[in-house]
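Sequential numbering from 18 applies to the sequence shown in the working numbering.
The beta carbon of each residue, even a glycine, is placed where N, CA and C say it ideally should be.
Remember, it's a predicted structure, so these values are computed and weren't measured experimentally.
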Amino acid sequence: MDLPLSDLVPLSLAVLLGGTVGFEREIHGRPAGLRTHILVCLSSTMLILVSHRVDAVDLGLGEGGRLVLDPNRMAAGIVTGIGFLGAATVVRAGDFLRGLTTAACIWYVAGLGIVLGNRLYGLGMAGTLVVLLVLTLFNRATAFVRPVVYRRLIVLASRSDLDVLLQEVRQILALEGAAVLDVASGHDNASGRRELVLYLSLKNELQAPRVTGRVAELPGVDSARWKTIATQ
18 MDLPLSDLVP
28 LSLAVLLGGT
38 VGFEREIHGR
48 PAGLRTHILV
58 CLSSTMLILV
68 SHRVDAVDLG
78 LGEGGRLVLD
88 PNRMAAGIVT
98 GIGFLGAATV
108 VRAGDFLRGL
118 TTAACIWYVA
128 GLGIVLGNRL
138 YGLGMAGTLV
148 VLLVLTLFNR
158 ATAFVRPVVY
168 RRLIVLASRS
178 DLDVLLQEVR
188 QILALEGAAV
198 LDVASGHDNA
208 SGRRELVLYL
218 SLKNELQAPR
228 VTGRVAELPG
238 VDSARWKTIA
248 TQ
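Structure follows, in structure tokens:
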């Protein structure tokens, strides 16, 4: 099958627009960068172009032995199938999740290929422009946002009066403006060590060193650890 010159436009735009989104991910050190985004966008564009050009393929089985390529079904398959690649970019380390934005970008360039394969070039360019604005300008704007931070404070103590210790910890947290969402506890009979686990929400993540330092100074406290809770 010869390559029509008209197909060069969507294929070229797939490389250009998909590569633009991939380049932004590349300069931020993400594992799915320039090449991955170009390949995803280019492959989805090619599949849509093929589904438009091949209305039916003769399977040599007589009547009824024909395979019909529906562009709508092809698009649905692309959007569904790209999920595995996006999931591979999401990394979880303990309570921290990373890679959700990159996964969303991969899903976008797959959709971009569908749009370009349907020759909706204006929509594809406008959408890519909006995506770049979100990834650049909006990223800078988040520096002025003070989001709620969810953390888990783990306190190990050798004292038996957990109720009193809990009140002392609550007083420290109240001074920092932290809200206690839930409290759990544990008791090791062999060592006599008690554990308090407090689930908190607060506005400033820089409070962690101050809180752990003050809690660790309380009588009978052996250690205080502070961990982020993934909420995505």
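Check, Outcome
"What three-state label does DSSP hand Arg227 in the structure shown?", "helix"
"Look at the Cβ atom of Asn156, then the Cβ atom of Ile65, and state whether they are nearer than 8 Å.", "no"
"Taking the straight line between their C-alpha atoms, what separation do you get for Leu213 and Arg187?", "12 Å"
"Any heavy atom of the ligand ZN closer than 7 Å to the CB of Met63?", "With respect to small molecules bound, the structure shown includes none, and the ligand ZN cannot be examined in it."
"To the nearest angstrom, how far is it from the Cα of Ala73 to the Cα of Arg115?", "Unreliable placement is indicated for Ala73, whose pLDDT of 48 sits below 50; the coordinate value is still reported in the next sentence. Ala73 and Arg115: Cα-Cα distance of roughly 43 Å."
"Measuring straight from C-alpha to C-alpha, what distance separates Ala141 and Tyr167?", "Here the sequence assigns Gly to residue 141, which means Ala is not the residue at that position. Each residue's Cα considered, the two are about 37 Å apart."
"Tell me which residue opens and which closes the beta strand (DSSP E) that Ser218 is part of.", "Arg210 to Leu219"
"Measuring straight from C-alpha to C-alpha, what distance separates Leu150 and Arg47?", "18 Å"
"Taking the C-alpha atoms as reference points, what is the distance between Gly50 and Ala121?", "13 Å"
"Return the Cβ separation of Ala127 and Ser61 in integer angstroms, given the expectation that the two are a contact with Cβ distance under 8 Å.", "5 Å"
"Would you report the Cα separation of Ser202 and Leu179, rounded to the nearest angstrom?", "9 Å"
"Would you mind sorting Thr153 into buried or exposed? The rule is 16 or more other CB atoms within 10 Å of its CB.", "exposed"
"Less than 8 Å separating the beta-carbons of Arg90 and Ile171?", "no"
"Between which two residues does the alpha helix (DSSP H) harbouring Ile123 extend?", "Leu117 to Gly134"
"Assuming the contact rule is C-beta atoms closer than 8 Å, Leu217 and Leu190 should be a hit. Round their C-beta distance to whole Å, please.", "7 Å"
"I'd like to know whether the C-beta atoms of Leu235 and Leu183 end up nearer to each other than 8 Å.", "no"
"Which value, in whole angstroms, describes the spacing of the CA atoms of Gly237 and Arg231?", "13 Å"
"Would you tell me roughly how many angstroms separate the C-alpha atoms of Asp239 and Val162, rounded to the nearest one?", "35 Å"
"CA-CA distance, Leu76 and Arg42?", "Its pLDDT being 49, under 50, Leu76 is placed unreliably by the model, and the measurement read from it follows with that caveat. If I take the Cα positions, the gap works out to 43 Å."
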